[in-house]
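Every letter in the sequence shown is one number past the one before it in this note's numbering, and letter 134, counting from 1, is 1574.
What follows is one structure encoded as structure tokens, with my remarks underneath.
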Amino acid sequence: MKTPRLILTAILLTSIGISSSAQNWGCTDEERESILEDLSVYQTSMSGFKTSKDPRYLEEAYPHWKVVVEKCPKQSKNLYINGDKIVNGLLAKTTDEAKREEYINALLAMHDKRIEAYPNDKAEILAKKAKDIDVLKKDAGLKESYETYSEAIRLGGEKLDAFYIYQYFMVTVKYVRAGFAEPTLVVDNYDIASDLLEKEVQECYKDTLNPDTTRAAQIRESISNVEAVFSPYANCEQLVEIYKQKFEATPDNVELLKKITNIMMKKGCTEDPLFFDATEKLYSLEPSPVTAMRMGQMSISKKKYSDAVKYLNDAVKGLTEKKDIYKAYILLGHANSGLGSMGAARGAFYDAARTDPSKGEPYLCIAQLYMKFHSVASGDGINGRSAYWAAADKAARAKNVDNSPETVAAANRIIGQCTSGYPKKADAFMVDLIDGHSFTVPGIGETTTVRTR
């Protein structure tokens, strides 16, 4: 199968000679000259593999590819793309443990060389390396994989693909279960991973005219998977157990207070005294729009809705992160609902929808608002039951905007509740309301469609 030297030389002169003078290969002129034949054999072998899928071409390419990577690591980024194919192809077919170890070491060394050659891509390359360590070394590489993922997240987590963020969290859980760290690490890294994934979803909607809804759905699947893995660590009792002693030991630790209040907000543990204590302490030490938002959350939990509205109105004026602004508007909607102000609550929920168009939650909140305040529509002649039509419409809108399993399930549940609240056909007919006809709900102002049961 070896390619004749004359053919190699011809290929070398035609396909390599021109490019060698046009790009910096990350090596000296002498080193570049010395690897030209290796480069030609490697490239020709890869061409043969691409055509035939015969793994013998990978065996032929391997030693020559290694020479090129070692001596001229910036020859081309294809060196690393092909390197994955070569080494993983050889790993898939070998049963020799010594060879397997050699190939694993070669793959990991390739990642290190790539970082040296392209340092701007370091975070992504480290994530690839961490994934390979996890897959190939399994338990023996767990500590190395976790540390490599952590470095990738630290250097550029916001630029990493959702797949790597999910894998980072999975490795965290394995790392804790293996006894390398306390369960608090799972909670801390859940906070990091969920924030990064939410930001990636928001990026999909940056182009409001042409949002990448397919990619958003894929990332939401990763979010759901992270939530599922986190659930054993996520109930409020466990979170309190994890954080209470830490809070009592260092009550003025601002970073700890931020972690406690953030994770307890995310998981809905805002009724526990630990949340109240940590929130008040954080607000006293570091008043800010974010801590004002958390004071608003706490005030809602205590049913102090007027205080909540004050804190949250202050918060939305100063918040800069889209996810925080969105959360503050949702909370403001609930606070106004608690005060009995349907109009102000609906306005806040619509503000949340405009802040993050990828979320169905604001429409679910409006649907629940219409159900709660259905009596404002009592001028419809059917005891305000027309409000349930408008509520069902909003729940359906939530599913259209956000097809995550949680949103779809919540929307279907609300639609079921609304359906049971529809007027009977005979009662509607008595006030000239006929199925399928358009109708504007009094007191709410939504135009909807008549439905009966």
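Every residue gets a Cβ at the ideal spot worked out from N, C-alpha and C, and that includes glycine.
Review point. Would you call the CB atoms of Ala1546 and Val1527 closer than 8 Å?
Key: Translated into the one-based positions of the sequence shown, residue 1546 becomes position 106. Translated into the one-based positions of the sequence shown, residue 1527 becomes position 87. It is a contact, given that the beta carbons lie within the stated cut-off.
query = Can at least three beta-carbon pairs, one atom from the segment 1778-1794 and one from the segment 1823-1832, be found at a separation below 8 Å?
reply = no
At what residue ranges does the segment 1854-1880 contain a whole run of the beta strand (DSSP E), taking only runs of 3 or more?
1878-1880
Q. So Lys1767 and Met1733 are in contact, right, with Cβ under 8 Å, and what is the actual spacing, rounded?
A. Reading the sequence shown from its first residue, position 327 is the one you call residue 1767. Reading the sequence shown from its first residue, position 293 is the one you call residue 1733. The Cβ separation is near 7 Å, so the contact holds.
### Message
Rounded to the nearest angstrom, what separates Ala1633 and Lys1533 at their Cα positions?
### Response
Translated into positions along the sequence shown, residue 1633 becomes position 193. Translated into positions along the sequence shown, residue 1533 becomes position 93. One C-alpha to the other measures close to 35 Å.
**Message:** Which runs of the alpha helix (DSSP H) at least 4 residues long sit entirely within the segment 1593-1662? Give them in chain order.
**Reply:** 1602-1617, 1624-1644
Exercise for the section: Counting only the same chain and skipping the five closest in sequence on each side, list residues whose C-beta sits under 8 Å from that of Thr1648. Expected result: Numbered from 1 along the sequence shown, position 208 holds the residue referred to as residue 1648. The residues are Pro1797.
**Asked** CA-CA distance, Leu1625 and Thr1612?
**Response** Along the sequence shown, one-based indexing puts residue 1625 at 185. Along the sequence shown, one-based indexing puts residue 1612 at 172. So the two alpha carbons sit approximately 7 Å from each other.
Own chain, CB closer than 7 Å to Ile1682, minus 5 neighbours either side, in chain order
Within the sequence shown, numbered from 1, the residue matching residue 1682 stands at position 242. Answer for Ile1682: Pro1623, Thr1624, Val1627, listed in chain order.
**Request:** State buried or exposed for Phe1813, treating a residue as buried only when at least 16 other CB atoms are found within 10 Å of its CB.
**Result:** Position 373 of the sequence shown, counted from the first residue, corresponds to residue 1813. Its Cβ being crowded by 16 or more others within 10 Å, Phe1813 is buried.
For this session: Report back the beta-carbon spacing between Gly1800 and Lys1839 to the nearest angstrom; my notes put them in contact at under 8 Å.
Result: Within the sequence shown, residue 1800 is the residue found at index 360, counting from 1. Within the sequence shown, residue 1839 is the residue found at index 399, counting from 1. With a Cβ gap of about 6 Å, Gly1800 and Lys1839 count as contacting.
Are the CB atoms of Ala1570 and Ala1592 nearer to each other than 8 Å? As a position in the sequence shown, residue 1570 is number 130, starting the count at 1. As a position in the sequence shown, residue 1592 is number 152, starting the count at 1. In this structure, Ala1592 lies closer than 8 Å to Ala1570 by Cβ.
TODO: Label Asn1518 either buried or exposed according to how many other C-beta atoms from any shown protein chain fall within 10 Å of its C-beta, with 16 as the threshold for buried.
DONE: Residue numbering aside, residue 1518 sits at position 78 when the sequence shown is read from its first letter. Asn1518 is exposed by the Cβ-count criterion.
Report task. May I ask which residues mark the beginning and end of the alpha helix (DSSP H) holding Thr1484? Result -> Here the question's residue 1484 lines up with position 44 in the sequence shown. First-last of the alpha helix (DSSP H) with Thr1484: 1476-1492.
Practice problem: List the endpoints of the continuous alpha helix (DSSP H) containing Thr1731. | Solution: Residue numbering aside, residue 1731 sits at position 291 when the sequence shown is read from its first letter. Taken as a continuous stretch (DSSP letters only), the alpha helix (DSSP H) holding Thr1731 covers 1729-1741.
Checklist line | Asp1572 versus Tyr1543, Pro1495, Gly1597, residue with shortest Cα-Cα distance | finding: One-based indexing of the sequence shown puts residue 1572 at position 132. When each option's Cα is compared against that of Asp1572, the closest is Tyr1543.
(message) Taking the alpha-carbon of Ser1516 as reference, which of Trp1465, Glu1564, Ile1874 has the nearest alpha-carbon?
(response) Indexing the sequence shown from 1 puts residue 1516 at position 76. The option with the nearest alpha carbon to Ser1516 is Trp1465.
inquiry  = With a threshold of 8 Å on Cβ separation, who are the neighbours of Thr1880 within its own chain once the five nearest residues in sequence on each side are excluded?
reply    = The sequence position of residue 1880 within the sequence shown is 440, counting from 1. Taken in chain order, the residues that qualify are Glu1886, Thr1887, Thr1888.
**Prompt:** How should Asp1842 be labelled, buried or exposed, when 16 other C-beta atoms within 10 angstroms of its C-beta is the threshold for buried?
**Reply:** Here residue 1842 refers to the residue found at position 402 when the sequence shown is read from its first residue. Flag for Asp1842 reads buried.
**Asked** Any contact of the segment 1658-1670 with the segment 1711-1729, i.e. 3+ C-beta pairs under 8 Å?
**Response** no
(Q) Rounded to the nearest angstrom, what separates Ala1866 and Thr1760 at their Cα positions? (A) The residue you call residue 1866 lines up with position 426 of the sequence shown. The residue you call residue 1760 lines up with position 320 of the sequence shown. Near 53 Å, if we compare the C-alpha coordinates of Thr1760 and Ala1866.
Under the three-state reduction of DSSP, which class applies to Thr1719: helix, strand or coil?
-> Here residue 1719 corresponds to residue number 279 of the sequence shown, with the count starting at 1. Looking at Thr1719 - three-state DSSP - the assignment turns out to be helix.
Open item on the list: Given this structure, state the Cα-to-Cα distance separating Tyr1482 from Ile1555, to the nearest angstrom.
Closed with: Taking the first residue of the sequence shown as position 1, residue 1482 is located at position 42. Taking the first residue of the sequence shown as position 1, residue 1555 is located at position 115. If I take the Cα positions, the gap works out to 22 Å.
>> Pull the bridge partners of Thr1887 from the DSSP assignment, please.
In response: The sequence position of residue 1887 within the sequence shown is 447, counting from 1. Per DSSP, Thr1880.
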